[in-house]
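Student: Quick one: this structure, given as structure tokens, is what I'll be asking you about.
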Amino acid sequence: MMLTAVFDTKPYDRDYLAAAAAGRPLQLVFHESRLTADTARLADGMAAVCAFVNDRLDRPCLATLAAGGVRHVAMRCAGFNNVDLAAARELGLAVTRVPAYSPYAVAEHTAALVLALNRRIHRAFNRVREQNFSLAGLVGFDLHGKTCGIVGTGKIGRVAAEIFRGFGMRVVAYDPMPQPEWALQRGVEYLSFDDVLAASDILSLHLPLTPETHHLIDATTVARLKPGAIIVNTSRGKLIDTTAVIDALKQGQLGGLAIDVYEEEEGLFFEDLSDTVLQDDEFSRLLVFPNVLITAHQAFLTREALGEIARVTVDNLVRGSRGEPFLPDTLL
Ligand code: NAD
-14 MMLTAVFDTK PYDRDYLAAA AAGRPLQLVF HESRLTADTA RLADGMAAVC
36 AFVNDRLDRP CLATLAAGGV RHVAMRCAGF NNVDLAAARE LGLAVTRVPA
86 YSPYAVAEHT AALVLALNRR IHRAFNRVRE QNFSLAGLVG FDLHGKTCGI
136 VGTGKIGRVA AEIFRGFGMR VVAYDPMPQP EWALQRGVEY LSFDDVLAAS
186 DILSLHLPLT PETHHLIDAT TVARLKPGAI IVNTSRGKLI DTTAVIDALK
236 QGQLGGLAID VYEEEEGLFF EDLSDTVLQD DEFSRLLVFP NVLITAHQAF
286 LTREALGEIA RVTVDNLVRG SRGEPFLPDT LL
């Protein structure tokens, strides 16, 4: 039986991973704690670890894992900005991920955020529960005929673009690696990044976080947006400079913000902190805007996505333990 320490697990992770591992030569040891340099010793004696988006796999963490005998790091997510890949290579650790599990899960959540924010569903829900049936302040706009800008037309961005086309929107896009045939087929127009900013009523981010894309949305780029535009981000929090968007929301330059990811979400999202005093002043400020809607990194959370994440992760763990090649496109 190959031993794997699985970090940052919640009941839904454990359910799906345990089901996928049933009958396989794999013993999963579940931990609730996040994987960091401080918790890496929990994996001593294990052949592999399985980690998630807010674990911090920096060099000290990876060095402790390697010293404890770990040879394989299986990320049960698509993004890998939290893994020091150069350090992993030097330490002889194989790092795999789940590059695509359900682009529909994330793209559909993006659409849910846009619809909820634009039509004030989050506010209406609370009002109706308090028998406040007033409609003042709940005016939205038709998506039909408006322009949606998609930044990053990879797997998720393309599905999101198709959904927004389905609402009758004009969809414009920017990607340094465009997909011209797909765009032609789906009636999507590629523009420069600046032109996408200027044209969009809704700007939706679907690109990875890299040193180049860190704070892609900052004071300069937000100023180039169409006044009153809405930004939706289901990719990675650090794509957005929170201070800049708070200023833009206060000035009305930004008409709304819907986010499933937050710059400083590590240690915040996925936890029940309802009994604690929130220390993050910028997050607290975001919570009180009527035109900001936040979900806590749940865009991936569908049965289909969890099932596929578990299937690919378990398969790769078994392959790794047997010295077999990993599933295509999963090795980083
Ligand atoms: P993908 O690799 O299929 O596509 C990313 C696209 O971004 C590529 O086409 C790439 O060329 C493009 N890109 C790179 N740099 C760019 C730039 N500077 N400007 C514009 N485009 C750029 O990835 P995907 O599967 O579509 O996922 C997109 C992102 O969604 C992931 O990186 C991940 O961070 C995020 N994600 C979030 C969740 C969630 O639960 N919220 C779940 C899965 C993925």
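Those letters in the sequence shown? Residues -14 to 317, by this note's numbering. From the three backbone atoms N, C-alpha and C, an ideal C-beta is built for every residue, glycine too. The structure presented is a predicted model; accordingly, all values stated were derived computationally and were not measured.
Once the 5 residues before and after D203 are set aside, which same chain residues still bring their CB inside 6 Å of it?
Tutor: Your numbering for residue 203 matches position 218 in the sequence shown. Result list for D203: D226 and A229, in chain order.
Student: In the DSSP assignment, find the beta strand (DSSP E) that holds V351 and state where it starts and stops.
Tutor: Nothing about residue 351 can be read from this structure; the chain reaches only from -14 to 317.
Student: Does the separation of the CB atoms of V217 and S189 fall below 8 Å?
Tutor: Position 232 of the sequence shown holds residue 217. Position 204 of the sequence shown holds residue 189. In this structure, S189 lies closer than 8 Å to V217 by Cβ.
Student: Give the single residue among V55, G252, I294 and Q283 whose Cα lies nearest to the Cα of L98.
Tutor: Residue mapping note: residue 98 aligns to position 113 of the sequence shown, counting from 1. Among V55, G252, I294 and Q283, the Cα nearest to that of L98 is on Q283.
Student: Pop quiz: A32 and H16 are said to be a contact at Cβ under 8 Å. What is the actual Cβ separation, rounded to whole angstroms?
Tutor: Position 47 of the sequence shown, counted from the start, is the residue given in the question as residue 32. Position 31 of the sequence shown, counted from the start, is the residue given in the question as residue 16. Their Cβ separation, rounded to whole angstroms, is 16 Å, which puts A32 and H16 out of contact at 8 Å.
Student: Could you check whether the Cβ of H282 sits closer than 7 Å to any heavy atom belonging to the ligand NAD?
Tutor: Within the sequence shown, residue 282 is the residue found at index 297, counting from 1. Because some heavy atom of the ligand NAD lies under 7 Å away, the Cβ of H282 counts as near it: yes.
Student: With C-beta atoms as the reference, is G153 less than 8 Å away from H191?
Tutor: Here the question's residue 153 lines up with position 168 in the sequence shown. Here the question's residue 191 lines up with position 206 in the sequence shown. Not in contact: G153 and H191 (Cβ atoms no closer than 8 Å).
Student: Rounding to the nearest angstrom, what Cα-Cα distance links D266 and L253 in this structure?
Tutor: In the sequence shown, the residue the question calls residue 266 occupies position 281. In the sequence shown, the residue the question calls residue 253 occupies position 268. Answer to the nearest angstrom: the Cα atoms are 13 Å apart.
Student: Does any C-beta atom of chain B lie closer than 8 Å to the C-beta of S87?
Tutor: The chain labelled as chain B is not found in the depicted structure, where only one protein chain is given.
Student: Rounded to the nearest angstrom, what separates T24 and T315 at their Cα positions?
Tutor: Stepping through the sequence shown from its first residue, residue 24 is reached at position 39. Stepping through the sequence shown from its first residue, residue 315 is reached at position 330. One C-alpha to the other measures close to 25 Å.
Student: Are L234 and F274 closer than 8 Å when you measure CB to CB?
Tutor: Reading the sequence shown from its first residue, position 249 is the one you call residue 234. Reading the sequence shown from its first residue, position 289 is the one you call residue 274. Taking 8 Å as the Cβ cut-off, L234 and F274 qualify as a contacting pair.
Student: Where DSSP assigns a beta bridge to M(-14), which residues make up the other side?
Tutor: What you label residue -14 is simply residue 1 of the sequence shown in a count that begins at 1. For M(-14), which the question treats as bridged, DSSP gives no partner whatsoever.
Student: Tell me the start and end of each unbroken alpha helix (DSSP H) in the stretch 195 to 261 that is at least 4 residues and wholly inside, in chain order.
Tutor: As far as the stretch 195 to 261 is concerned, its whole alpha helix (DSSP H) runs of at least 4 residues are 204 to 208 and 227 to 236.
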